[in-house]
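Trainee: Numbering (the working numbering), first residue to last: 611 to 853.
The structure follows.
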């Protein structure tokens, strides 16, 4: 169906409407209903953001009420922690298993035993904590840029854009880790796709949610990855040393 290029796209209004609730209403609602609303908001936000990774982030942020923004942020953060603990843990175990099989094929001829190499529960808890460091790295970067350039936006906006930008990573890690996919033919293209979408969502979040200009948002994206990688390097170094 043809439509004016300047008009809103046909998928512009799937989000449930914002309703101004009286003080205390949210606390009196059924927890199951609140959880369902959070899942619906998260799905609709993701649906718009993946179709319009640059402009869709701002639209979803402006549409949701404050409590629902918090719920969506918490949902995405929890999903990322689960993806790191289960998905990334499973991917690492698959890679360790492939390395072990290769070593067995070579050293087995000499009767050398190769112990099983798998991540334990301690490692998986550490990976879940590492997921929070990604959120923290993006949050620190966004907050820092806003403070430097004096952009009057609340800190919860930084958390929202950080959580939303990690969703492509979650969508990559969960199926890959759970299904035990370790082939570079599949892992590398999927990881590249997730990273590209994450970059677009970050840029859109820095512009539309954090309120940075185009040039400053472009600088904030690599800065966020540098800060996040530094935090993850420290975390993984501690995991290796402790466990």
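C-beta atoms are modelled at their ideal positions from N, C-alpha and C, and glycine is treated no differently.
Taking only three categories from DSSP, how would you classify residue 726?
Mentor: Caution is warranted here: a pLDDT of 43 is assigned to residue 726, below 50, making its placement in the model unreliable, and the coordinate value is therefore given only provisionally. DSSP places residue 726 in coil when its eight states are reduced to three.
Trainee: Would you give the residue range spanned by the alpha helix (DSSP H) that residue 770 belongs to?
Mentor: 765-775
Trainee: Is the stretch 742-755 close to the stretch 652-663, with three or more CB pairs under 8 Å?
Mentor: no
Trainee: Would you call the stretch 801-810 and the stretch 771-788 in contact, with 3 or more CB pairs under 8 Å?
Mentor: Three or more beta-carbon pairs drawn from the stretch 801-810 and the stretch 771-788 are found closer than 8 Å, and the two stretches are therefore classed as touching.
Trainee: Quick check on residue 713: does DSSP put it in helix, strand or coil?
Mentor: Confidence in residue 713 is poor, its pLDDT being 45 and thus under 50, which makes the residue's placement unreliable; the coordinate value appears in the next sentence. Reduced to three states, the DSSP call for residue 713 is helix.
Trainee: Going by C-alpha to C-alpha distance, which of 654, 653, 750 and 754 sits closest to residue 841?
Mentor: 750
Trainee: In whole angstroms, what separates the C-alpha of residue 740 from that of residue 702?
Mentor: When rounded, the separation of the alpha-carbon atoms in residue 740 and residue 702 is 14 Å.
Trainee: Taking the C-alpha atoms as reference points, what is the distance between residue 824 and residue 649?
Mentor: Roughly 31 Å separates the two Cα atoms.
Trainee: Return the CA-CA distance between residue 847 and residue 838, expressed in angstroms with no decimal places.
Mentor: 14 Å
Trainee: Within the continuous alpha helix (DSSP H) that includes residue 665, where are the two ends?
Mentor: Per DSSP, residue 665 belongs to no alpha helix (DSSP H) and is neither H nor E.
Trainee: Leaving out five residues before and five after residue 691 in sequence, what residues of the same chain have Cβ atoms less than 6 Å from its Cβ?
Mentor: 738 and 741
Trainee: Using CA coordinates, which residue listed in 687, 778, 851 and 668 is at the minimum distance from residue 817?
Mentor: That would be 668, whose Cα lies nearest to the Cα of residue 817.
Trainee: Using only the alpha-carbon positions, how far apart do residue 644 and residue 665 sit?
Mentor: Going by C-alpha positions, residue 644 is about 27 Å away from residue 665.
Trainee: Across the stretch 758-777 and the stretch 677-697, are there enough close Cβ pairs to call them in contact, namely three or more that are closer than 8 Å?
Mentor: As far as the Cβ criterion goes, the stretch 758-777 touches the stretch 677-697, which means the pair count is three or higher.
Trainee: Would you mind sorting residue 640 into buried or exposed? The rule is 16 or more other CB atoms within 10 Å of its CB.
Mentor: exposed
Trainee: Given this structure, state the Cα-to-Cα distance separating residue 819 from residue 734, to the nearest angstrom.
Mentor: 32 Å
Trainee: Report all residues from its chain with a CB closer than 6 Å to the CB of residue 693; omit the five preceding and five following residues, and keep chain order.
Mentor: Contacts found: 780, 783 and 784.
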